[in-house]
Amino acid sequence: MINQMNENILKSPNIKSIYFILWVVTLGITSARICAVEGLFDPSLYYAYPHRKWPEVKPERMPTFSSNDRSRWATIRALVENKTFVIGKRIEDRSTPIGYRDEGIVFEPGYQSIDIMMDPQTKQFYSTKPPLFTTLISAEYALLYHLIHWNMKDQRWEVVITILLTFNLLPLALYLWRFQHCLDYFLIKDWSKIYLFSCACFATFLTTFSVTLNNHTPAAFLVLFALEPWIIERMRATDLKSKTNEPGNRISSSVRFSRIFLSAIFAGFLTTLELPALSFACLLGFLWFQIEFRPKILITYLLGFLIPIVLLFAINYQALGDWKLGYSKFGSEWYEYPGSHWAKIKTQQNPSGIDFAREPKWLYSFHLLLGHHGFFSLTPIFFLSLIGIGACIIQVVSKKLHFLRNNPKNSLSIEKERDQEPVITISCWLMGLSLVVFGFYVIKTNNYGGWTSGPRWFFWLTPLFLLAIIPIAEQLEKSSWKRGTALIFLGISTFSVTYPIWNPWRHPWIFQFGEYFGWFKY
C-alpha cells in the first residue's frame, strides 16, 4: 500500500509544486506578522469599553500583546536575568494608601499581566502558566543574552522575534510539511488534497496565534507529531497482515519501538501544555497497544510519556516549592489576594467583563460551539469533520452488524476503506475525545478563554478535525454544490482567522459584531 501511495505521488508532480507554493505563502505571511509584532492601543476598543482609560502619557513600545503572553515573557526574562521564577514582589509600604507597593518585572511597562499569582507567605509573584514550556524557551534567551548580549530591555524586538521564529514559525513549517504527507497517505485526487492543505494553511487559528507566545499552537503541532508515527506503523501493520495472508508468505509484523517512544514523548509534552490532552495521550497509548498486544509496547510508551511529565513537576517544584501546578491553586489566596483581578469575584458584586460571565451552562455551551466564540461558527470547515466522523462511525457500526458484507454500496462513499483505516479509526475516536474535552471546559470554566479571537482551548484538536475530513474529502468534488459549500466554509474560516490581524488576543468578529449591535455585553 505504501509503495502504491508513493507511485501515485510520483504520477502527480504538479501537486507537489502546489503544496510548496501554499507552504511558502503561509510561512511568508506568518513570518511577516511575527516581524511586525507590536502591542497596539485600538481606538475602537476604548469606544466599546468606555471604562477603559486611554493612556495619559505616550506608552512604551513593546512586542507583547496581552496578559497571556506577557506572563510568559516576564518569567523568561526573570529566569535568565535574575535566575529565578519570581517575577515580582509585594513590599509593605505604609506611606501608600493601600499599605503596600508591588515591584518587579511583571509590573514594568509592557509586562503587566493578570495571569499572575502571589505566594501568601513570601509575597512573591509568579506566572500562572506551567513552567516547563517557558523554561525551554528561556534556554534560547540565555544563549542570546550571554553570547551576543541581547536583553529584553534594550533589544526587545530582536529577542522576541527570534524566539517567535524559533518556537512558532519553525514548528508550523514542520507541521504543514507532515500534514501534507498525511494527505498523500490517504488521498489520491488532487482537488481534495489542495482543499485540505489550504484549510491547514489559511483556515485555522494556528496561524493566527503563531505570532504570539502561547501554549495552544505548539500543542496542536505536537498532536500531529505524536500521531504520525502511529499512522505509519498502523499502515505498515496492515500491509504486512495482507501479505501474510497470501499463500506461502510469513512476514513478521513487529512494531518499531523507536516510533512508539518518539510518539510517547510528543504526547507527554502535549499533556504538559494542555491538561485535557491527557485523554488524547491515553487514547494514543491504547491505539499503539491495538497494533500489537505486547507488554513491551506499554512499557515503552509509558517511559516516553513520563519523561516530560516528570520534568514538568520537577521544574514546578523548583519554581514554587510545591508539586501542585499553579492552575490547581485557582480560587485560593494565591489568586485572590488584595488587588488581584480574580479577587473581584469576592470583593465586588457582579463584576463586569468576560472573565466573570454569568450564564447558564446550556447557553455557555452553545456559544462555545455555535455562538460568538464557537468552534464551528468561526471555523465552519469543521462541519465537514462532523460529517466525516458520522460517516466513519456508521461505517464501522454497519460493518460490525454485517450490513456491508454483501452490499458494499452501503459504504457511505468512504473510498479505499482498508487504505484509510487509520484515519477512520481516528475519526471514530475523535467524537468521544471531543466530548471529554468540551465537557471539561464547560464544567470548569465560564469565560470562553478570556480575551481571545477564537476558542483557544480547542485549538490543539485542530489536526484531528482536519484529518477527520479525509474520509469524505474526495466526495466533495463530485458535484458543484458540494465543492461550492466546501469553498464557502473555507472562505468564512479564513475570514475568522484573519480578522484579528493586529492582535490575536481580541474578541472574535462574531462577538464584536454582536457587541456593536448590543446583543452581547459582559
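Numbering (the numbering used here), first residue to last: 26 to 547. Note that the Cβ used here is the ideal one computed from N, Cα and C, for glycine as well. The structure presented is a predicted model; accordingly, all values stated were derived computationally and were not measured.
Kindly indicate which three-state DSSP category Y125 falls into: helix, strand or coil? strand
Where do the ends of the alpha helix (DSSP H) carrying R115 lie? Not the alpha helix (DSSP H): R115 falls in the beta strand (DSSP E), residues 113–117.
First and last residue of the alpha helix (DSSP H) that includes M87? That residue, M87, is in no alpha helix (DSSP H); it is neither H nor E in DSSP.
Counting only runs that start and end within the segment 272–331, where is the alpha helix (DSSP H) found for 4 or more residues in a row? 282–298, 303–316
By Cβ distance below 6 Å, which residues in the same chain neighbour A493 in space, the five residues on each side in sequence not counted? S410, G413, I414, S452, L455
In this structure, how does DSSP classify M143 when only helix, strand and coil are distinguished? strand
Out of T510, P496, T519, L501, which has the shortest C-alpha to C-alpha gap to A416? P496
Distance between A73 and Y541 (C-alpha atoms, nearest Å): 8 Å
By the three-class DSSP mapping on this structure, what secondary structure does Q149 have? strand
Cβ distance (whole Å) where W476 is taken to contact H532 below 8 Å: 7 Å
How long is the line joining the alpha carbons of T470 and N39, rounded to whole angstroms? 47 Å
With a Cβ-Cβ cutoff of 8 Å, do L194 and S56 count as a contact? yes
Only counting the same chain, and skipping five residues up and downstream in sequence, which positions put a Cβ closer than 6 Å to that of F227? T519
In terms of alpha-carbon separation, which member of E299, K321, N239 lies closest to F286? K321
Alpha carbon to alpha carbon, what distance is there between W530 and S505? 37 Å
Spatial neighbours of N528 in its chain, beta-carbon cut-off 6 Å, leaving aside the 5 residues before and after: F90
In its own chain, which residues sit with a C-beta less than 7 Å from the C-beta of A225, not counting the 5 before and 5 after it? L201, F204, L491
I'd like the ranges of any beta strand (DSSP E) spanning at least 3 consecutive residues and lying wholly in the segment 147–219. 149–152
Near P525, what residues of its chain come up, given a Cβ to Cβ distance below 7 Å and the 5 sequence neighbours on each side ignored? T233, S478, R531
CA nearest to the CA of V49, picked from A198, T523, W79, I116: A198
By Cβ distance below 6 Å, which residues in the same chain neighbour V462 in space, the five residues on each side in sequence not counted? P301
Hey, is the segment 58–77 in contact with the segment 100–116, meaning 3+ C-beta pairs nearer than 8 Å? no
Please return the same chain residues whose Cβ sits closer than 6 Å to the Cβ of A289, not counting the five positions on each side in sequence. Y326, G329, F330
When you compare the segment 382–396 with the segment 172–179, are there three or more beta-carbon pairs, one atom per stretch, that lie closer than 8 Å? no
Could you tell me the distance, in whole angstroms, from the CA atom of S459 to the CA atom of R281? 29 Å
Pull up the CB-CB distance for S152 and D144, whole angstroms please, since I reckon it's below 8 Å. Going by Cβ atoms, the distance from S152 to D144 rounds to 12 Å, so no, they are not a contact pair.
If I measure Cβ to Cβ from E358 and keep anything under 6 Å in the same chain, skipping five residues before and after, which residues do I get? P145
Work out the CA separation of V131 and E499 for me, nearest whole Å. 51 Å
Near K371, what residues of its chain come up, given a Cβ to Cβ distance below 8 Å and the 5 sequence neighbours on each side ignored? E361
Could you tell me the distance, in whole angstroms, from the CA atom of K369 to the CA atom of A103? 28 Å
For E271, which residues of its own chain have a beta-carbon under 7 Å away from its beta-carbon, when the five flanking residues on both sides are left out? Unreliable placement is indicated for E271, whose pLDDT of 49 sits below 50; the coordinate value is still reported in the next sentence. Around E271: no qualifying Cβ.
Can you grab the Cα-Cα spacing for the pair V62 / G539, in whole Å? 28 Å
Beta-carbon gap between A245 and P447 smaller than 8 Å: no
Taking L486 as the reference, which of H366, I379, F311, L252 has the closest Cα? L252
Rounded straight-line distance, which links the Cα of L308 to that of G273: Because G273 sits at a pLDDT of 43, beneath the cut-off of 50, its placement in the model cannot be relied upon, and the following sentence gives the value as read from the coordinates. Their Cα atoms are separated by approximately 36 Å.
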